[in-house]
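Numbering of the sequence shown is given in the working numbering, commencing with residue 1336 and proceeding in unit increments. C-beta: ideal position from N, C-alpha, C; glycine also. Worksheet: the structure to be examined is printed underneath.
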Amino acid sequence: MQDTKFILIVGLSGAGKSQALKVFEDQGYHSVGNLPPALLEDFINLYKNEKSDADKVALIMNSRGIKLVEELEKTLEKFKEMDVDYNILFMDASDEALIKRFKELRRPHPFDIDGNIVDGIKFERKELHNIKKEANAIIDTSDLNLAMLKEKIFTIFFSDMEKVERMSVNIVSFGFKYGIPKDADLVFDVRFLTNPYYVEELRPLTGNDKEVRDFVMMRNDSRVFLEKLEDMVEFLIPRYIKEGKSQLVIAIGCTGGQHRSVTIANCLYEYLLKNEYKVKLRHREQEK
């Protein structure tokens, strides 16, 4: 598939390659971990020559051994002669940070020489020197937590529009009497709004019906609350995106999850849809 974009993640053992791969995976990339360099050319040809839904692929290149490092260098040379859209992300870290990580995990270094982590790190750094010079981007994770790593990757590889497109907002209405959705990031209680349940002709209807929606939204409290809710969500979404969050679940609840919460959830859904967010809507209690 000619238009497939590849991110090749290489770098020092313990520098955060797996965490970097997860960031790309969360943003919709097809992800592959620890692909041997000898298989890389065949792997890419699968996407170039066959139809695939994956237009973006991120993969970790395994360099755990001298022969694998040599194979990786040879494979990257071949890529220069191929019609492949790829970028190399090199994950780096200080010797001190790497030593600390290996000690905490109690794992041997793949280039460990007689149990000496320091010599293993120095040897691997030397072996990967030429590949590092080929990298399109280098991220030093010595002082980065996961959120900071996500922000670095976003800044380098994703445009603002791509971030918005990849952020999925899920809105769910629910009834407090049946419990708060366990996956909710934000929960809003709309039980303070006038309840259509106590209007006999509205009781059998839901917030999906015009009569109930008009009853709820004709009141000033409802309109003011919705306006403030829209402003808050607009404020929060870019900041969640900046932190690398790929999905936001907004739960809106009333007593039974049939009237007020459904109405407000529908209104918020329509607002975000109009503003071109990737948004889904679910009315939990109506699924029962």
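For Asp1524, the uninterrupted beta strand (DSSP E) run begins and ends at Leu1521 to Asp1524, by DSSP. Beta bridge pairing from DSSP links Asp1420 with Lys1340.
Between the region 1499-1515 and the region 1479-1491 there are fewer than three inter-stretch CB-CB distances shorter than 8 angstroms, so the stretches are not counted as touching.
Closest by C-alpha distance to Pro1371, out of Asn1601, Ile1576 and Met1396, is Met1396. Assigned with DSSP and collapsed to three states, Gly1455 falls in helix. A distance below 8 angstroms between beta-carbons, with the five flanking residues on each side excluded, links Thr1590 to the following residues of its chain, in chain order: Gly1510, Phe1511, Lys1512, Arg1526, Asn1530 and Tyr1532.
The beta carbons of Leu1356 and Leu1433 sit no closer together than 8 angstroms. Looking at the backbone, the Cα of Glu1611 and that of Lys1577 are separated by about 18 angstroms. Shortest Cα-Cα distance from Ala1428 to any of Leu1616, Glu1569 and Val1345 involves Val1345. In this structure, the alpha-carbon of Asp1475 lies about 29 angstroms from that of Asp1418. Here the alpha carbon of Asp1549 sits roughly 11 angstroms from the alpha carbon of His1594.
Per DSSP, reduced to three states, the secondary structure at Ile1515 is coil, with no helix or strand assignment. The alpha carbon of Asp1520 has as its nearest neighbour, out of Gly1514, Val1534 and Val1504, the alpha carbon of Val1504. Assignment of Val1345 by DSSP, reduced to helix, strand and coil, places it in the strand class. 8 angstroms or more divides the Cβ of Met1426 from the Cβ of Lys1485. CA-to-CA, the gap between Leu1561 and Asn1422 works out to about 44 angstroms. If the five residues before and after Ala1350 are omitted, its C-beta is found closer than 6 angstroms to the C-beta atoms of Met1426, Asp1427, Ala1428 and Thr1476, all from its own chain and listed in chain order.
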